[in-house]
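The sequence shown begins at 1 in UniProt numbering and counts up by one.
First comes the structure, then the notes that go with it.
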Amino acid sequence: MQENTVIKYLNTNMFIREITRWFARRSFQNRIFLLFLFTSTIVMLAITWYLTDITKERLHYQVGQRALIQAMQISAMPELVEAVEAHDLSRIKALIDPMRSFSDATYITVGNEKGQRLYHVNPDEIGKYMEGGDSDDALYNAKSYVSVRKGSLGSSLRGKSPIQDSTGKVIGIVSVGYTLEQLESWLNLQISSLLFPMALLLLVLLYCARRFSLHIKKQMLNMEPQQLSQLLIQQSVLFESVFEGLIAIDSHHRITAINQTARRLLNLSQPESELIGYAIPPCRVAGGLLLRCAAKKQKR
């Protein structure tokens, strides 16, 4: 068992290393794009999972309330109360059949005070006890409620309501159910309607990621970070190796670079980092020497 765990751990580490090496070999532009792609995919999956969970919860609640309302309305029908009291199966069937044809419920079941079926979509089930073990509250406590149980037609979301006579005595029960398979098909329909806008949003994110990576590449003069770093080092070495004192300024006459010779001629003890951003006149005379300032224009 431990050997299998170690092997899985090593395989996972090797896979991560290979992915890291492959990622490192990509260009900076492609790494930025892949990073955005990975992040966008994770975000979209999280949003999809959240919307699916919320939609499923809302669907179950709405369908549960629909089943409960139907069960309560059917159980309150005076004609059904009389038919159940008389144990008139043909009359019960005549009352429930039209309702079942108009209802979107998977089934409507009517039972007596013992939970034996008086009406069922499958005639062979009539006379048998209702399955699921969730009828006691309706039969013994006269409560109406929603439950999820497995019955003769499979697992379903049910609304149950007691049938009471004029004295309030429970003489039967009505159960209206929607199978979980039916709920799943409805859920899939609702989720599928979200696929197009989610896919469109993902494409927009990918387009933005591509444009952003191209913008970054353009700002870096189409060079890789290593190339840009090497160029800056070369420029710094060249700037410091010049015998003359050089000061680079921007369009507002703020210092952007100053070499060691210039600091020595001006008797400046501060390091270059402290002088960056310091404003100076366009040109200045010190010790009889004219220090030429290289003006760098900034595009705004």
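Backbone N, C-alpha and C define an ideal beta-carbon position, used for all residues, glycine too.
None of the values given here were measured: they were computed from a predicted structure.
Item, Value
"Beta-bridge partners of residue 178, as assigned by DSSP", "157"
"Residue(s) in a DSSP beta bridge with residue 147", "158"
"Extent of the continuous beta strand (DSSP E) to which residue 110 belongs", "107-112"
"Nearest residue (CA-CA) to residue 139, options 164, 123, 151, 191", "164"
"Closest by C-alpha distance to residue 160, when choosing among 148, 272, 168, 153", "148"
"Residue 13 burial status per 10 Å Cβ neighbour count (16 or more: buried)", "exposed"
"Option in 254, 210, 261 with minimal Cα separation from residue 33", "210"
"C-alpha gap between residue 298 and residue 251, whole angstroms", "Low confidence applies here, because residue 298 scores a pLDDT of 36, under 50, leaving its location unreliable; read the following figure in that light. Those two C-alpha atoms are separated by around 6 Å."
"Neighbour-count burial assignment, residue 197, 16 or more Cβ in a 10 Å radius", "exposed"
"Residue 94 burial status per 10 Å Cβ neighbour count (16 or more: buried)", "exposed"
"Own chain residues within Cβ distance below 8 Å of residue 296, not counting five before or after", "Its pLDDT being 37, under 50, residue 296 is placed unreliably in this model, and the coordinates cannot settle the point."
"Option in 180, 237, 228, 253 with minimal Cα separation from residue 279", "253"
"The segment 37-44 contacting the segment 179-196, beta-carbon criterion three pairs below 8 Å", "no"
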